[in-house]
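J.: Chains as they are written, first to last, in this note's numbering: chain A, 1 to 146; chain B, 1 to 146.
2 protein chains.
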Amino acid sequence: MATAIQAPRHPAGLAQKLADSGLRSTPQRELVYDVLLTKRDHPTADEVFARVKPELPGISLATVYNCLETLVQCDLVRAVNFERGPTRYCPNLRPHAHFHDEVTGQTHDVDLPETLFAKLKSELPPGFDANAVEITFRGKAQSSAN
Amino acid sequence: MATAIQAPRHPAGLAQKLADSGLRSTPQRELVYDVLLTKRDHPTADEVFARVKPELPGISLATVYNCLETLVQCDLVRAVNFERGPTRYCPNLRPHAHFHDEVTGQTHDVDLPETLFAKLKSELPPGFDANAVEITFRGKAQSSAN
DNA sequence: CAACAAATTGGAATGATTCTAAGGTGCAAG
DNA sequence: CTTGCACCTTAGAATCATTCCAATTTGTTG
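Right, here's the structure in full:
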């Protein structure tokens, strides 16, 4: 009786990845993931909520938080933080840095050569074993064009 | 063996740096700064509050926040954030990275060659002009004992 | 279908930080 | 010195993002 479920625009990986963790694929999770893939501007949970609500009016903010957390757990999405601001979400899984534009407040992905990440880790003093490195630039970007 | 160096009770630079910004040197500001210099373990505002209170029992948490903010403004201290946790404060002004120990929760300074910071900035795509880079490692450090 | 587990929901609770309004403090000019 | 005034500190209220909670709802399985 309900409206037909729209074909998801994302690869079939979601349901599989969720299942791998013993989790279910739900309309909320699919839509939240879809929203992240569709507009990759590092939205906050609130922004995701706003984008998701028109398509699923009954969804709650708590659920958006839950879904985002789930996606992060499944390694489908990365959480990005900048100076105590609200957490932002990013579906780019390749190792990359973030550039925060101080003027516009926008966050841009910056691809860096894998070698640089390796070099950084190699600079650690003995006894320090890093399994992740986060690199954040702050400054001005010339083109505000996406 | 290295000699333990005692932080001067009244760092000469403080009053001057404050005056440069048209601000006053107060007992609260001096003590907060002193506490940061004395135990450089990246304390949170709450932790600074706890360390400062015995010496100045009337001090309020709001004042600690104010003092810390003032010190950051005057470039005497840096604010360090890690994944939405409470802001931590660091009197190390040289460019350096932070290593976050996932086991102990401790934050360690990691000195990196200046050239690496330069190299990172040079990797930015054209049009991106960074005036700051933050590097955070996450992992395990062998020596929990300092 | 019934039972059970996983998910979702709205609202309350939490934690860090900031705001606000009301006193203090200290120096400079008279 | 005393008064003015800008700067500071203070306690508590307010804010903001996020998490927790208890009560449904939904989906799966026996």
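A virtual CB, placed ideally from N, CA and C, is assigned to each residue, including glycine.
Below 8 Å between beta carbons: does that hold for A/His108 and A/Ala132?
T.: By 1-based counting over the first sequence, the position of residue 108 of chain A is 108. By 1-based counting over the first sequence, the position of residue 132 of chain A is 132. Cβ atoms of A/His108 and A/Ala132: not closer than 8 Å.
J.: Taking contact to mean at least 3 C-beta pairs separated by less than 8 Å, is the segment 80 to 88 of chain B in contact with the segment 41 to 49 of chain B?
T.: Yes, the segment 80 to 88 of chain B is in contact with the segment 41 to 49 of chain B.
J.: At 9 Å on the CB atoms, spell out the chain B contacts of A/Ala45, in chain order.
T.: As a first step, residue 45 of chain A must be located in the first sequence, where it is residue number 45. Within 9 Å Cβ-Cβ: nothing; A/Ala45 doesn't reach chain B, min ~12 Å.
J.: Fully enclosed by the segment 102 to 143 of chain A, which alpha helix (DSSP H) runs are 4 residues long or longer?
T.: Taking only runs of at least 4 residues, the alpha helix (DSSP H) segments lying wholly in the segment 102 to 143 of chain A are 114 to 122.
J.: I'd like to know if B/Glu69 contacts chain A, where contact means its C-beta is closer than 8 Å to some C-beta of that chain.
T.: Here the question's residue 69 of chain B lines up with position 69 in the second sequence. Chain A contact via Cβ: absent.
J.: When Cβ atoms are compared, which residues of the segment 118 to 130 of chain B fall closer than 9 Å to chain A?
T.: Lys119, Leu120, Lys121, Glu123, Leu124, Pro125, Pro126, Gly127, Phe128, Asp129, Ala130
J.: Check each residue of the segment 130 to 141 of chain A: if its Cβ is closer than 7 Å to any Cβ of chain B, include it; give the result in chain order.
T.: Ala130, Asn131, Ala132, Val133, Glu134, Ile135, Thr136, Phe137, Arg138, Gly139, Lys140, Ala141
J.: Quick check on B/Ala51: does DSSP put it in helix, strand or coil?
T.: Translated into the one-based positions of the second sequence, residue 51 of chain B becomes position 51. According to the sequence shown, residue 51 of chain B is Arg rather than Ala. Three-state result, B/Arg51: helix.
J.: Let me make sure I understand the geometry here. Which of A/His96, A/Glu30, A/Val103 has the alpha-carbon closest to that of B/Pro125?
T.: For the purposes of this step, residue 125 of chain B is taken as the residue at position 125 of the second sequence. Closest option to B/Pro125, Cα to Cα, is A/His96.
J.: Under DSSP, the alpha helix (DSSP H) around A/Cys156 begins and ends at which residues?
T.: Here chain A has residues from 1 to 146 only, and residue 156 of chain A is not among them.
J.: Note down, in chain order, every chain B residue with its Cβ under 8 Å from the Cβ of A/Phe99.
T.: Locating residue 99 of chain A in the first sequence gives position 99, counting from the first residue. Those are Leu124, Phe128, Ala130, listed as they occur along chain B.
J.: I'd like the list of long-range same chain contacts for A/Gln73, defined as Cβ closer than 8 Å, with 5 residues on each side in sequence excluded.
T.: Taking the first sequence and counting its residues from 1, the one referred to as residue 73 of chain A is at position 73. For A/Gln73, where only same-chain residues beyond five positions count, the Cβ hits under 8 Å are Ser21.
J.: Just to confirm my understanding: we take B/Lys39, look at its own chain, exclude 5 residues before and 5 after, and list those with CB closer than 8 Å. What are they?
T.: Working through the second sequence from its first residue, we reach residue 39 of chain B at position 39. Same-chain partners within the cutoff: Arg51.
J.: Can you give the beta carbon distance from A/Phe137 to A/Val110, rounded, assuming they're within the 8 Å contact cut?
T.: What you label residue 137 of chain A is simply residue 137 of the first sequence in a count that begins at 1. What you label residue 110 of chain A is simply residue 110 of the first sequence in a count that begins at 1. A Cβ-Cβ distance of about 7 Å is found for the pair A/Phe137 and A/Val110, placing them in contact under the 8 Å criterion.
J.: Taking DSSP as the reference, what is the three-state secondary structure of A/Thr26?
T.: To locate residue 26 of chain A, count along the first sequence from 1; it is residue 26. Note: A/Thr26 maps to coil in three-state DSSP.
J.: Starting from the Cα of A/Gly139, find the closest Cα among A/Phe128, A/Val32, A/Gly105, A/Leu112 and give me that residue.
T.: Stepping through the first sequence from its first residue, residue 139 of chain A is reached at position 139. Closest by alpha carbon: A/Gly105.
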